[in-house]
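Peer 1: The sequence shown begins at 0 in numbering that gives the first Met the number 0 and counts up by one. We treat Cβ as the ideally placed atom computed from N, Cα and C, and that holds for glycine. A single structure is presented below for examination.
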Amino acid sequence: MDRRLWILVLLFASFPFLLPACGGQSPPALFRVALVVPGTLGDHGLWDGVYEGLKAAKETAPIDLDVYQSQSEIPSQWEEQLTSASRSGRYDLIITGGRDRGHLFLPIARQFPQQHYAYFGNPSALPNTAIFLFRTSEATRAAGVLAGLMAQSLDPKGKQSVAWFATRGVSSPESVAFEQGLRSVDPHRPLEFIPVPEDPKESYSIAYAAFQQGVLIGATDSSISSLGILRAAAAADAYAIGYGEDQRDYYPGHVLGSIILKAPEVARSMVLQAKAGTLPFGDTVELGLESSHVLLLLSPDLPPTVRRDLQEILHHPQGIALAP
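Below is the structure:
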């Protein structure tokens, strides 16, 4: 064979092996994530925190993120979006949740056993789902102590009431813990349990009427409802305790503090673990005071005597921040 022909044959034979060296390494594959919100972003609560955490994860890893939003008062919209995202087969991880939507989530997760989910709430365990549960009872107990001390300071004769605006019923762990905290410092204070929906407009109307009728301080177990309750407290010249994210500066002079769920940190870690293949599907991850994922932040304009008494009573338990 001609010598020049041999050279051409050798060059073409080695060509596939030369391509990687010339082109460099292929870009890492995208990890595709869907966030299916049981409502809309912008509540400065749990889901805004989750979204912030996912955006932070995108800065450190090749992650593609799609966000689905729905009207919180129409669960069927959320259900349809979750089903559609699951059926698409596009996502490596679907993140969703809702304390009152486990019964809707479980059939969908069972219908798509190959799809991986991360769920904020407390449904039954499934092998394709990692459950993240914020244990807020100790923080709501501290909020009850705060409400009792502040009520004593403002109304020492005990004529005005404290209200727990409940989205989960009066027997929920948060409701019970709040009452225990209040009774530990103000045993005879009138306490009202007022049901509210997870909707800021409706919770505003209900809370405003309650404040107008003599409620002095209100608290709740929902970041969505707290938006309406805080606004109602300011409008009625009353007081409230925020929930979900740091809401202390929303209505200065009317917000005593805020129960914080460190959702950004949790969401960022969650998606990076899922990408690495280490997310504990089939298990429940409890997030509470011991891990400092639940906090109580006090308003900087809280009366010094109330702050001092609260610190003495609670003895700085881990996970509760008593600093502004």
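For a cutoff of 8 Å on Cβ pairs, would you count His292 as touching chain C?
Peer 2: No chain C appears in the structure shown, which is made up of a single protein chain.
Peer 1: Between the C-alpha atoms of Ile185 and Glu191, what's the straight-line distance to the nearest angstrom?
Peer 2: The displayed chain sequence assigns Asp, not Ile, to residue 185. Straight-line Cα distance between these residues: approximately 14 Å.
Peer 1: Output the distance between the C-alpha atoms of Arg188 and Gly217, rounded to the nearest integer angstrom.
Peer 2: Distance between the alpha carbons of Arg188 and Gly217: 13 Å.
Peer 1: Please look up how many angstroms separate the CB atoms of Ala266 and Asp91, rounded, as I've assumed it's under 8 Å.
Peer 2: Contact flag wrong, Cβ pair sits at about 15 Å.
Peer 1: Spatial neighbours of Leu153 within its chain, please: CB distance less than 7 Å, with the 5 preceding and 5 following residues excluded, ordered by chain position.
Peer 2: For Leu153, where only same-chain residues beyond five positions count, the Cβ hits under 7 Å are Leu215.
Peer 1: Please report the Cβ distance between Phe400 and Val284, rounded to the nearest whole angstrom; I am assuming they are in contact, meaning their Cβ atoms lie under 8 Å.
Peer 2: Residue 400 cannot be examined here, being either before or after the span of the chain that is shown, 0 to 323.
Peer 1: Measuring CB to CB, does Thr139 end up less than 8 Å from Ala176?
Peer 2: A contact, by the Cβ cut-off of 8 Å.
Peer 1: Give me the DSSP bridge partner(s) of Thr155.
Peer 2: Per the sequence shown, residue 155 should be read as Pro rather than Thr. According to DSSP, which records beta bridges pairwise, Pro155 is partnered with nothing at all.
Peer 1: Between the Cα of Ser170 and the Cα atoms of Lys54, Gly252 and Ile193, which residue gives the shortest distance?
Peer 2: The residue with the shortest Cα to Cα distance from Ser170 is Ile193.
Peer 1: Give me the residue from Val270, Pro155, Asp99 and Gly120 with the minimum Cα distance to Glu197.
Peer 2: Here the closest residue by C-alpha is Asp99.
Peer 1: Going by DSSP, name the residue or residues bridged to Ala141.
Peer 2: Paired residues: none, contrary to the question.
Peer 1: Hey, could you find the ends of the beta strand (DSSP E) Leu285 is sitting in?
Peer 2: For the sequence presented, residue 285 should be read as Glu rather than Leu. Start and end: Thr283 to Leu286.
Peer 1: Does Asp99 come out as helix, strand or coil in the three-state DSSP assignment?
Peer 2: Residue state, collapsed to three classes: coil.
Peer 1: Please classify His314: does DSSP put it in a helix, a strand, or coil?
Peer 2: It is coil, neither helix nor strand.
Peer 1: Report the option in Val195, Tyr238, Ala146 and Ala28 whose CA atom is closest to the CA atom of Ser183.
Peer 2: Ser183 has its Cα closest to that of Ala146, out of Val195, Tyr238, Ala146 and Ala28.
Peer 1: What did DSSP end up calling Gly241 once you bin it into helix, strand or coil?
Peer 2: It is a strand residue.
Peer 1: Excluding the 5 residues flanking Lys57 on each side, which residues of the same chain have their C-beta closer than 7 Å to its C-beta?
Peer 2: Only Leu64 meet the Cβ criterion.
Peer 1: For Ser202, which residues in the same chain have their Cβ closer than 7 Å to its Cβ, ignoring the five residues on either side in sequence?
Peer 2: Excluding positions up to five away in sequence, the list reads Phe164, Val195, Pro196, Ser224, Gly227 and Ile228.
Peer 1: Taking only three categories from DSSP, how would you classify Thr304?
Peer 2: Helix at Thr304.
Peer 1: Spell out a yes or no on whether the segment 77-96 and the segment 104-123 are touching, meaning 3 or more CB-CB pairs, one atom from each, closer than 8 Å.
Peer 2: Contact holds: three or more Cβ-Cβ distances are below 8 Å.
Peer 1: Can you tell me which of the three DSSP states Phe111 falls into?
Peer 2: The answer is coil: DSSP assigns Phe111 none of H, G, I, E or B.
Peer 1: The beta strand (DSSP E) with Ala117 in it runs from where to where?
Peer 2: Its beta strand (DSSP E) spans residues Tyr116 to Phe119.
Peer 1: Determine the burial state of Asp308: buried for a count of at least 16 other Cβ atoms within 10 Å of its Cβ, exposed for fewer.
Peer 2: Buried, by the Cβ-count rule.
Peer 1: Measure from the alpha carbon of Phe30 to the alpha carbon of each residue in Pro172, Glu311, His115 and Ser291, then state which is nearest.
Peer 2: That would be His115, whose Cα lies nearest to the Cα of Phe30.
Peer 1: Can you tell me the Cβ-Cβ gap for Leu296 and Arg247, rounded? I've got them flagged as a contact below 8 Å.
Peer 2: Right, their Cβ atoms sit about 6 Å apart.
Peer 1: Between Gln110 and Arg86, what straight-line distance do the alpha-carbon atoms span, to the nearest angstrom?
Peer 2: When rounded, the distance between both Cα atoms is 9 Å.
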